[in-house]
Amino acid sequence: MRTVYPIETLTGWDEMFTAEGVRERYNRIMATLENLTIEDLKLKHVQASDFFMNNGITFTVYSDNEGIERIFPFDIIPRIITREEWQHIEAGIKQRLTALNRFLKDVYHDQQIIKDGIIPGELIESCPHFLKEMIGVNVPHDVYVHISGIDLIRGADGVFYILEDNLRTPSGVSYMLENREVTKRILPESLYQNKVNGVSHYPLFLQQIMQDMSDKEAPTMVVLTPGVYNSAYYEHTFLAKQMGVPLVEGRDLVVQNDMVYMKTTGGLEQVDVIYRRIDDEFIDPLVFRSDSMLGVPGIMQAYKKGNVCLVNAVGNGVADDKAVYVYVPDMIRYYLNEEPILPNVPTYRLENEGDRLYVFENIRKMVVKETNQSGGYGMLMGPSATDEEVEKCIAAVKKSPRSFIAQPVITLSTVPCLIDGKLQPRHVDLRPYALCGANGDIKIVPGGLTRVALKEGSLVVNSSQGGGSKDTWVID
Amino acid sequence: MRLLSRVADNMLWLNRYVERASCLVRVLRNSYILSFDLGLSKSKSFDAANDIFYSGFLSEDTEIGTLLNTFITDNYNPNSVRVLLGKARENARASQDKISKEVWEQLNSLYHYINSPAVIEQLKNGEAMKVLDYLHNQFFLYYGVLDTTMARGEAWEFLNTGKYIERSILTIDITEWYLKDLNYDLNEGNVVYWRPMLLALTGYEQYLKGIKHTPHTPQIIDFVLFNKYFNHSLIYSVTRLHRYSKNIILQNSSVQGQSVVKQVERLKSNIEFYDNSKLCGETVTELLNNARKQIWNYYDDFYKLILGY
Chain H
177 MRTVYPIETL TGWDEMFTAE GVRERYNRIM ATLENLTIED LKLKHVQASD FFMNNGITFT
237 VYSDNEGIER IFPFDIIPRI ITREEWQHIE AGIKQRLTAL NRFLKDVYHD QQIIKDGIIP
297 GELIESCPHF LKEMIGVNVP HDVYVHISGI DLIRGADGVF YILEDNLRTP SGVSYMLENR
357 EVTKRILPES LYQNKVNGVS HYPLFLQQIM QDMSDKEAPT MVVLTPGVYN SAYYEHTFLA
417 KQMGVPLVEG RDLVVQNDMV YMKTTGGLEQ VDVIYRRIDD EFIDPLVFRS DSMLGVPGIM
477 QAYKKGNVCL VNAVGNGVAD DKAVYVYVPD MIRYYLNEEP ILPNVPTYRL ENEGDRLYVF
537 ENIRKMVVKE TNQSGGYGML MGPSATDEEV EKCIAAVKKS PRSFIAQPVI TLSTVPCLID
597 GKLQPRHVDL RPYALCGANG DIKIVPGGLT RVALKEGSLV VNSSQGGGSK DTWVID
Chain G
450 MRLLSRVADN MLWLNRYVER ASCLVRVLRN SYILSFDLGL SKSKSFDAAN DIFYSGFLSE
510 DTEIGTLLNT FITDNYNPNS VRVLLGKARE NARASQDKIS KEVWEQLNSL YHYINSPAVI
570 EQLKNGEAMK VLDYLHNQFF LYYGVLDTTM ARGEAWEFLN TGKYIERSIL TIDITEWYLK
630 DLNYDLNEGN VVYWRPMLLA LTGYEQYLKG IKHTPHTPQI IDFVLFNKYF NHSLIYSVTR
690 LHRYSKNIIL QNSSVQGQSV VKQVERLKSN IEFYDNSKLC GETVTELLNN ARKQIWNYYD
750 DFYKLILGY
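As you go down the protein sequences, you meet chains H and G in turn.
For the first sequence, the working numbering gives the first residue as 177, with consecutive numbering after it.
For the second sequence, the working numbering gives the first residue as 450, with consecutive numbering after it.
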């Protein structure tokens, strides 16, 4: 098959090709691809899709009284990262996560960073995810962010940038693990030849950090899910199963005397550590949204008293607010006295008049994002937006400048994808998953979720916006 | 660690739905074959399936493909194979951390099969046997996978409690349907008449091997209700129900628990020690009705005691 796409289609950094040819790291996989016909590749694609379908790694689309099962698109050609690049990424994420954990402790206790003028107090005050209920609450081992998914992109200059921090309930880790399981079936020899680092020990790390959060020798741990209709439900069952802990829903838990119990066939059983996949606002109807049917009444009281540990901590949203993101490099300098290893994407805070006017003048070169949205929602892509969308966005920014930030459009790196029977470049990002344990020890399995914008030219990789994923190989 | 009450409920219903769907497939498979053998109208040969599993109206001149789709793929028939499998899968999905990966995959692949548009077409286009054979075999496979891969413990006991509750009720309902068609006259009916029922309950071969004398009807009733070695007989199903649910209840050392166990023991004794020399249409009907009532009462009390969270 033809494995090289026309060089003029390269618009930035391509992970596989340069103007001179194939990057060294891709030599082996390229040799494998050259020996396969397009029919072979299509067959592998079908094999992969069947794997996801038969394992129930699907989400349901409801239409006409019927639920239709869909899989998240998977592209069979891996994205490859070298050991040196990975070490750089790993060091950068560890540094960032350490600073973010310290920031969360600080912002919910002494607020020294505000007093020292590093971050404006009004920025924190105006963040909807800054929860007053968490002020003064001590969390076990001062760890707030146990599980994070920090999104990275590689720009045209080949540099990895931090695009955003996901510190609440980041999803997608099951796809990282299942993508590898699929690759073991469709490209087994290549995995072996390329000496690809394993990722399958992630659930063991997760179980360990949860266990470390309790003083008990054998704590009762659970994964709390919003239920079967949640789009990430598969991931919740997957993680519970991999860790050997019960998967519970809010209705399975009850709080009595500020202790959390689960309802079992043998009566109530105390729960010590909860990996919750329910957002803050739904977790306790007595404290947050009173109409929440997903949470557990009274759980916040049990949490504040230290009778149960929630993983991740409540209130982390203040640290992954897109306006606060701008200050993370300053946090690193402030708390760690180090220079950031991984740079941020340049970001304009639109409550600053100067930034705002500049962004309005150059909006066609900008991405404007709502600070409290994720999943690709609430985003304006300047170059492709209609005039009407631009006008609407400007009006919304003028109405509530604090709710928006803007970033120059960065051409994400591309990776070849098998689309319509040929290799075509598509833009990607990278989400490695980091786990923070009791003594601040951070573990990251070598890999992550590479998300792909499957539409030609699109820079939006979110699965909710038509994105897919790839296996990510870190090779020695 | 004990099972979450909700998950226990899911387990119980998972196997109730699978048991019902697998029995329905066997009934349909036999009805379909029967529709060629006999000079009955197409819909008449599906009367058993219709009366036991479907409460809708089927016209005399309904096409066979439409009939089969009503029982197999119709989303609006609450007891179609598709709906039953959908419900079984939802229960499995909600308790996925407690069932084996292989059980989940087997059920999931059945679910995707029954939801594929090709099945509807095959049932319409004269390829129904292909669909029925596939489903028939896949349900056997499901039980094989379940037996081979599931850990023995509380989850297993709930799965089996669900299975044997459903099986007991189905055996009663199916036996009663065939008796009713004979006006409860045990002197009527030959082995050809009873063959579809025995096939639906997977006991045809076993029955033939044990025939002692004619007439067949009293022997078949005896076989279906009292034969301890026939795995769809009422006594076998109730004995298993007793075994699995007793294990669950006795882990709850409450006074109510003891009384609920006694209920299922009484039910088992009533069947086990029934004087079958007195079998006639009237006594069989009474036995079936009493057994059904006792099973439902037992199920209610079991549910309240163990799952009433």
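Where a beta carbon is used, it is the ideal one built from N, C-alpha and C, also for glycine.
ASN230 of chain H and SER558 of chain G closer than 7 Å at C-beta
The count along the first sequence starts at 1 and reaches residue 230 of chain H at position 54. The count along the second sequence starts at 1 and reaches residue 558 of chain G at position 109. Cβ atoms of ASN230 of chain H and SER558 of chain G: closer than 7 Å.
Exposed unless 16 or more other CB atoms sit within 10 angstroms - verdict on GLU513 of chain H:
Start at 1 with the first residue of the first sequence, and residue 513 of chain H comes out as number 337. It should be pointed out that residue 513 of chain H corresponds to Asn in this sequence rather than to Glu. Classification for ASN513 of chain H: exposed.
Taking the runs of the beta strand (DSSP E) that are 3 residues or longer, which of them lie wholly in the region 538-591 of chain H?
Qualifying beta strand (DSSP E) stretches, in chain order: 542-546, 555-557 and 580-584.
Are the region 480-487 of chain H and the region 268-284 of chain H touching, with three or more C-beta to C-beta distances below 8 Å?
Between the region 480-487 of chain H and the region 268-284 of chain H, the count of Cβ pairs shorter than 8 Å is below three; the stretches do not touch.
On the DSSP letters alone, give me the boundaries of the alpha helix (DSSP H) that SER617 of chain G sits inside.
Position 168 of the second sequence, counting from 1, holds the residue named residue 617 of chain G. Judged by DSSP secondary structure, SER617 of chain G falls within the alpha helix (DSSP H) whose first and last residues are 603-630.
Residues that LEU559 of chain G contacts on chain H, provided the C-beta gap is smaller than 9 Å
In the second sequence, counting from the first residue as 1, residue 559 of chain G sits at position 110. Going along chain H, no residue has its Cβ under 9 Å from LEU559 of chain G, so there is no contact; the nearest lies around 11 Å.
Taking the alpha carbon of HIS305 of chain H as the point to measure from, which residue in H:TYR284, H:ILE385 and H:SER324 has its own alpha carbon closest?
Taking the first residue of the first sequence as 1, we reach residue 305 of chain H at position 129. Just measuring C-alpha positions, the residue of H:TYR284, H:ILE385 and H:SER324 sitting nearest HIS305 of chain H is H:TYR284.
Using the Cα positions of PRO249 of chain H and SER645 of chain H, report the straight-line distance between them to the nearest angstrom.
As a first step, residue 249 of chain H must be located in the first sequence, where it is residue number 73. As a first step, residue 645 of chain H must be located in the first sequence, where it is residue number 469. Using only the alpha carbons, I get a separation of about 6 Å.
For the alpha helix (DSSP H) that contains SER645 of chain H, what are its first and last residues?
Here the question's residue 645 of chain H lines up with position 469 in the first sequence. For SER645 of chain H, there is no enclosing alpha helix (DSSP H); the enclosing beta strand (DSSP E) has its first and last residue at 643-651.
Thinking VAL474 of chain G and LEU584 of chain G are a contact (beta carbons under 8 Å), I'd like their distance in whole angstroms, please.
Taking the second sequence and counting its residues from 1, the one referred to as residue 474 of chain G is at position 25. Taking the second sequence and counting its residues from 1, the one referred to as residue 584 of chain G is at position 135. Sure, about 5 Å apart at Cβ, within 8 Å.
Could you pull out every residue in the same chain whose Cβ sits closer than 6 Å to the Cβ of PRO402 of chain H, ignoring the five residues on either side in sequence?
Start at 1 with the first residue of the first sequence, and residue 402 of chain H comes out as number 226. Excluding residues within five positions, the ones whose Cβ falls inside 6 Å are ILE454 and LEU470.
ASN342 of chain H by DSSP, collapsed to three states: which one?
Within the first sequence, numbered from 1, the residue matching residue 342 of chain H stands at position 166. Under the three-state reduction of DSSP, ASN342 of chain H is assigned to strand.
Quick one, which of H:LEU429, H:MET352, H:GLU245 and H:GLY643 has its alpha-carbon nearest SER565 of chain G's?
If you number the second sequence from 1, residue 565 of chain G lands on position 116. Of the listed residues, the one whose Cα sits closest to SER565 of chain G is H:GLU245.
Listed from N- to C-terminal order along the chain, which residues in the region 399-412 of chain H have their beta-carbon within a distance smaller than 7 Å of any beta-carbon of chain G?
So the list reads VAL404, given in the order they occur along the chain.
The region 334-354 of chain H contacting the region 532-541 of chain H, beta-carbon criterion three pairs below 8 Å
Output reads no: the region 532-541 of chain H does not touch the region 334-354 of chain H.
With respect to the beta strand (DSSP E) encompassing MET397 of chain H, which residues constitute its N-terminal and C-terminal limits?
In the first sequence, residue 397 of chain H corresponds to position 221, counting from 1. Counting along the chain, MET397 of chain H sits inside the beta strand (DSSP E) bounded by residues 397-401.
Proximity below 7 Å, CB of ALA541 of chain G to CB of LEU463 of chain G
As a working note, residue 541 of chain G is residue 92 in the second sequence. As a working note, residue 463 of chain G is residue 14 in the second sequence. Yes.
What are the start and end residues of the beta strand (DSSP E) that includes GLU445 of chain H?
By one-based count along the first sequence, residue 445 of chain H stands at place 269. Taken as a continuous stretch (DSSP letters only), the beta strand (DSSP E) holding GLU445 of chain H covers 443-446.
Considering ARG452 of chain H, what are the terminal residues of the alpha helix (DSSP H) in which it resides?
Locating residue 452 of chain H in the first sequence gives position 276, counting from the first residue. Annotation for ARG452 of chain H: no alpha helix (DSSP H) segment contains it, though the beta strand (DSSP E) segment containing it runs 449-452.
My guess is that THR688 of chain G and LYS658 of chain G are in contact by the Cβ rule of under 8 Å, so how many angstroms apart are they, rounded?
The residue you call residue 688 of chain G lines up with position 239 of the second sequence. The residue you call residue 658 of chain G lines up with position 209 of the second sequence. Not confirmed; about 21 Å, so no contact.
Using a Cβ-Cβ distance cut-off of 7 Å, determine whether LEU429 of chain H contacts chain G.
Within the first sequence, the letter at position 253 stands for residue 429 of chain H. For LEU429 of chain H, not one C-beta of chain G is nearer than 7 Å to its own C-beta.
Let me make sure I understand the geometry here. Which of H:PRO608, H:ASN492 and H:LYS360 has the alpha-carbon closest to that of GLN263 of chain H?
For this step, residue 263 of chain H is matched to residue 87 along the first sequence. The alpha carbon of GLN263 of chain H has as its nearest neighbour, out of H:PRO608, H:ASN492 and H:LYS360, the alpha carbon of H:PRO608.
Identify which residue in G:GLU570, G:TRP553 and G:ASP582 has its Cα closest to the Cα of GLY535 of chain G.
In the second sequence, counting from the first residue as 1, residue 535 of chain G sits at position 86. For the residues G:GLU570, G:TRP553 and G:ASP582, the minimum Cα distance to GLY535 of chain G belongs to G:TRP553.
Cutoff 7 Å: SER444 of chain G Cβ touching any chain H Cβ:
For residue 444 of chain G there is no data in the structure shown, the boundaries of chain G being 450 and 758.
Spatial distance of PHE464 of chain H from VAL472 of chain H (CA atoms)
The residue given as residue 464 of chain H occupies position 288 in the first sequence. The residue given as residue 472 of chain H occupies position 296 in the first sequence. Rounded to whole angstroms, PHE464 of chain H to VAL472 of chain H spans 11 Å at the Cα level.
Would you decide whether ILE651 of chain H is buried or exposed? Buried here means 16 or more other CB atoms lie within 10 Å of its CB.
The sequence position of residue 651 of chain H within the first sequence is 475, counting from 1. With 16 or more other Cβ atoms within 10 Å, it is buried.
Integer Cβ distance of GLU425 of chain H from ARG601 of chain G, believed to fall under 8 Å:
For the purposes of this step, residue 425 of chain H is identified with residue 249 of the first sequence, where counting begins at 1. For the purposes of this step, residue 601 of chain G is identified with residue 152 of the second sequence, where counting begins at 1. Distance from GLU425 of chain H to ARG601 of chain G at the Cβ level is roughly 26 Å; contact not present, criterion being Cβ atoms closer than 8 Å.
On a CA-only basis, which of H:THR626, H:SER366, H:ILE581 and H:VAL487 is nearest VAL502 of chain H? Give me that one, please.
Looking up residue 502 of chain H in the first sequence gives position 326. Minimum Cα distance to VAL502 of chain H is reached at H:ILE581.
Quick one: which residues of the region 210-232 of chain H get their C-beta closer than 9 Å to a C-beta of chain G? List them in chain order.
Going along the region 210-232 of chain H in chain order, one finds MET229, ASN230, ASN231 and GLY232 with a Cβ nearer than 9 Å to chain G.
Buried versus exposed, by CB contacts within 10 Å (16 or more), GLN668 of chain G
For this step, residue 668 of chain G is matched to residue 219 along the second sequence. If you draw a 10 Å sphere on the C-beta of GLN668 of chain G, you find 16 or more other C-beta atoms in it, and that means buried.
Distance, PHE458 of chain H Cα to GLU714 of chain G Cα
The sequence position of residue 714 of chain G within the second sequence is 265, counting from 1. The sequence position of residue 458 of chain H within the first sequence is 282, counting from 1. For GLU714 of chain G and PHE458 of chain H, the distance between alpha carbons rounds to 46 Å.
Anyone know if the C-beta pair for HIS322 of chain H and ILE385 of chain H falls short of 7 Å?
Position 146 of the first sequence, counted from the start, is the residue given in the question as residue 322 of chain H. Position 209 of the first sequence, counted from the start, is the residue given in the question as residue 385 of chain H. Yes; because the gap between Cβ atoms is below 7 Å, this pair is in contact.
Sorted by chain position, which residues of the same chain lie with C-beta nearer than 6 Å to VAL653 of chain H's C-beta, five sequence neighbours on each side aside?
This structure does not reach residue 653 of chain H, given that chain H is present from 177 up to 652, and the question cannot be answered.
State buried or exposed for GLU654 of chain G, treating a residue as buried only when at least 16 other CB atoms are found within 10 Å of its CB.
As a position in the second sequence, residue 654 of chain G is number 205, starting the count at 1. Around the CB of GLU654 of chain G, fewer than 16 other CB atoms lie within 10 Å, so the residue is classed as exposed.
At the 7 Å Cβ level, is ILE614 of chain G part of the contact set with chain H, yes or no?
The sequence position of residue 614 of chain G within the second sequence is 165, counting from 1. Cβ-Cβ to chain H under 7 Å: no for ILE614 of chain G.
Chain H within 7 Å of ILE755 of chain G, Cβ atoms only:
What you label residue 755 of chain G is simply residue 306 of the second sequence in a count that begins at 1. Output row for ILE755 of chain G: interface = yes.
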